[in-house]
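I have placed the structure first, in the form of structure tokens, so that the comments after it can refer back to it.
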Amino acid sequence: MTINILLLPILIPFIAGLFIFILPKNLRGVKEFVTLLITLANLLLTIFLFNKNIVFSLPWLGTGFDFSLRLYHFSAFIILAVAGFAFLVSLYSSVFMLGREGLKQFYAYLLITVAFVNGAVLADNLIILLFFWEGLLLTLFGMIAIGGKASFKTATKAFIIMGVCDLCMMFGIILTGVIAGTLTMSKINLPLNTLGSIAFIFLMIGAISKAGSMPFHSWIPDAANDAPLPFMAFLPASLEKLLGIYLLARISLDLFQLNASSWVSTLLMTIGAITILLAVMMALIQKDYKRLLSYHAISQVGYMILGIGTAVPAGIIGGLFHMINHAMYKSGLFLTGGSVEKQAGTTILDKLGGLGKKMPLTFICFLITAASISGVPPFNGFFSKELIYDGALERGWIFYIAAALGSFLTAASFLKLGHSAYLGKLNENNKNVKEAPLRMLVPMIVIASFCIFFGVCNWFPINKLIAPILGVERLEGHSFAGMPTNIMIVVVTFVVLIAAFLNHIFGVKAGGSALKAADHIHYAPVLSIFYNRAEKRFFDPYDIGLKITGSFSKVAFWIDRLFDALVDNLTVFVSNTLSKEIRRQHNGNYSVYLVWSMVGMFLVIIFLMYSG
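Below you can see the structure in the form of structure tokens.
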């Protein structure tokens, strides 16, 4: 029996992950070697598969649902990107994770995650997609849980949030299948009527929650504190963004007929704008390197949702371009944070400072990736954001203003982070800090190089990777590569970046240090109230759900106690009272017995008369 080549990106990493699980703990270096070998093999395989069109279908479980896989340009592009990030993170982790607990589980979960992501991306049947999608819920829990004692609570939180969203997605799949009469994704193209819109929204919840959008985001900052750092670079920063936005694009471009006149389009743009602003406002006030980056991992997904939600070519191209750009620079930023943590022993910003001289290559990689996420030309983030701005402005100035304000706050927060960690006076505890090892530097340098390449030569990713996803008809003959054509938007971008720099200078002088550069925003009237409540998790949907569940449990408990009291105590009281009264009436007096007999006979006669 021959194995179809489309099964290999799923089977190879999955089997290798299971193999690592059964390896003895005392075999040093084997787990790292196997992981590097398999992720490299997966990368080479996905390179070979790129630009190919392959369909594989097999009857599945005798239920009438086919195990259908489909490789075409979009899916080939995503699994190639996944393979690249998996290999770089594996190389980085081979040094960063040394001496840590749960190494077997970490590398096994990493490989199995790659297998499940490949399966979900290649799936051409909604049930098969759901099968692999749910598998990722298990590896997500496992990779967070191995972080330490406190991480189990965070893993549970992530599992519950994502599990609820997956249930919504499951309902969306059922409804879509009923409406379309098929579960084969390549055969579905539904109008956004009443039922179609409901199905779209439930599928959308599954997609944007996987990407890390609000309001399904609150586990990500917690994971930044509790989970192993390579996990943050691997899943929330790169793979989950690729997978979530891939599905959002599929349902928006293929499964449903999303257009600019649809209220669903406006809903998507609204979710994107809210996610951009609220998450970046929280990022601005963070005083921990990793936690600040985690909020930006949430904020930036808002740009992708906003771009795709515009339902116009410029916005969609920008959203998809931003998807791959974000996976690069955010993964690179988390890796720089890991280097700082590994070498300095902390990511708390007030314990850092002056590391630029001690870790120059890490600092350069940080500068490039930070400039990319801030939308500084000529890096990749500038070009994807300009396209999103263009699409947002075409749909409404309010969405463009939200995106531009988000860029201002993004640049301000990275000026604060870079200044606090890498510039200024060297902390006394960091005098002996050295540059990160080569195996940690190489992934950062590769990612930083791609941030430059995808910006300066943006025609390559836009024309070769992104534009074919939309097709000639949707592009309407336009080319979106090269320099932005809307000069007004470019001018506004430069004004926003200059304003962010001036704001940082003012904040440093007002607060007395780079760490307090955002305090004038943090403690501003009205905003301080919002920030105070947000820091106390007042707006966390998970915590709100826990409070509601706790209140309901208390009410249910007291109802149960009341019912027990009524059943147990009242029944006993009534029984005792009746028995005492009956004993009292049975006093041996024949006259009393005669009266009771006459009354009883009288009642029987009345009953018989009326019943007849």
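With the sequence shown counted from 1, adding 723 to any position gets you the numbering used here. Backbone N, C-alpha and C define an ideal beta-carbon position, used for all residues, glycine too.
Asked, Found
"Helix, strand or coil, according to DSSP, for F1330 in the structure here?", "helix"
"Taking all protein chains shown into account, decide if W942 is buried (16 or more other Cβ within 10 angstroms of its Cβ) or exposed.", "buried"
"Nearest CA to the CA of L1161: which residue from Y815, N948 and L746?", "Y815"
"Assuming the contact rule is C-beta atoms closer than 8 Å, F810 and M820 should be a hit. Round their C-beta distance to whole Å, please.", "Actually they are not in contact, since the Cβ atoms of F810 and M820 sit about 15 Å apart, beyond 8 Å."
"Determine the direct distance from the alpha carbon of L1075 to that of S1236, and round the result to whole angstroms.", "12 Å"
"Kindly give me the distance between the Cβ atoms of D790 and S798, rounded to whole angstroms, as I take these residues to be in contact under 8 Å.", "Note that residue 790 corresponds to Phe in the displayed sequence, not to Asp. Incorrect: roughly 16 Å between the Cβ atoms, too far for contact."
"For R793, which three-state DSSP category applies?", "strand"
"Start and end of the beta strand (DSSP E) containing L781?", "I777 to W783"
"In chain order, which alpha helix (DSSP H) runs of at least 4 residues are fully inside the stretch 1159-1183?", "1161-1179"
"Name the residue from L853, P1191, F742 and A1050 whose alpha carbon lies nearest to the alpha carbon of A1093.", "A1050"
"Quick check on N1181: buried or exposed, where buried means 16 or more other Cβ atoms within 10 Å of its Cβ?", "buried"
"Do N1155 and G1077 have their CB atoms nearer than 8 Å?", "no"
"Got a sec, what are the start and stop residues for the alpha helix (DSSP H) V1339 sits in?", "Nothing can be reported for residue 1339, as the shown portion of the chain is limited to 724 through 1335."
"Take A956 as the anchor and find which of M1167, T1033, A873 and I1252 has the nearest alpha-carbon.", "M1167"
"Can you grab the Cα-Cα spacing for the pair L1269 / L729, in whole Å?", "43 Å"
"Opposite I1071 in the DSSP bridges: which residues?", "D1011"
"Run through the stretch 1029-1070 for me and flag every whole beta strand (DSSP E) of 3 or more residues, listed as ranges in chain order.", "none"
"Would L966 and V837 be called neighbours here (beta carbons separated by less than 8 Å)?", "no"
"Between the C-alpha atoms of I726 and G842, what's the straight-line distance to the nearest angstrom?", "15 Å"
"Starting from Y1246 and walking both ways along the alpha helix (DSSP H), at which residues does that stretch end?", "Where Y1246 is concerned, there is no enclosing alpha helix (DSSP H), given that its DSSP letter is neither H nor E."
"Enumerate in chain order the residues of its own chain whose CB-to-CB distance from N982 is below 6 Å, with the five nearest sequence positions on each side excluded.", "A1034"
"Within 10 Å of its beta-carbon, does M908 have 16 or more other beta-carbons around it, so buried, or fewer, so exposed?", "buried"
"Tell me whether Y1333 is buried or exposed, calling it buried when 16 or more other Cβ atoms sit within 10 Å of its Cβ.", "exposed"
"Rounded to the nearest angstrom, what separates T1133 and V1063 at their Cα positions?", "21 Å"
"Can you find at least 3 beta carbon pairs, one from the stretch 1032-1046 and one from the stretch 1001-1018, that sit closer than 8 Å?", "no"
"Nearest to M937 by CA position, among Y1254, V1003 and N1152, is which residue?", "V1003"
"In terms of residue numbering, what span does the alpha helix (DSSP H) encompassing M820 cover?", "No alpha helix (DSSP H) contains M820, which DSSP labels as neither H nor E."
"Quick check on N1103: buried or exposed, where buried means 16 or more other Cβ atoms within 10 Å of its Cβ?", "buried"
"By how many angstroms is the C-alpha of F882 removed from the C-alpha of C888?", "10 Å"
"On a Cα-Cα basis, can you pick out the residue from S1097, A930 and P959 that is closest to I1031?", "A930"
"Classify T762: buried if its beta carbon has 16 or more other beta carbons within 10 angstroms, exposed otherwise.", "buried"
"Would I738 be called buried (16 or more neighbouring beta carbons within 10 Å of its own) or exposed?", "exposed"
"Using only CA atoms, which one of L1289, P1100, K1259 and V1219 lies nearest to G1205?", "P1100"
"Determine the burial state of L1317: buried for a count of at least 16 other Cβ atoms within 10 Å of its Cβ, exposed for fewer.", "exposed"
"Residue range of the alpha helix (DSSP H) that E1354 falls in?", "The displayed coordinates of the chain run from 724 to 1335. Any statement about residue 1354 would go beyond what the structure contains."
"Measuring CB atoms only, is the stretch 895-907 touching the stretch 917-930, in the sense that at least three cross pairs come out at less than 8 Å?", "yes"
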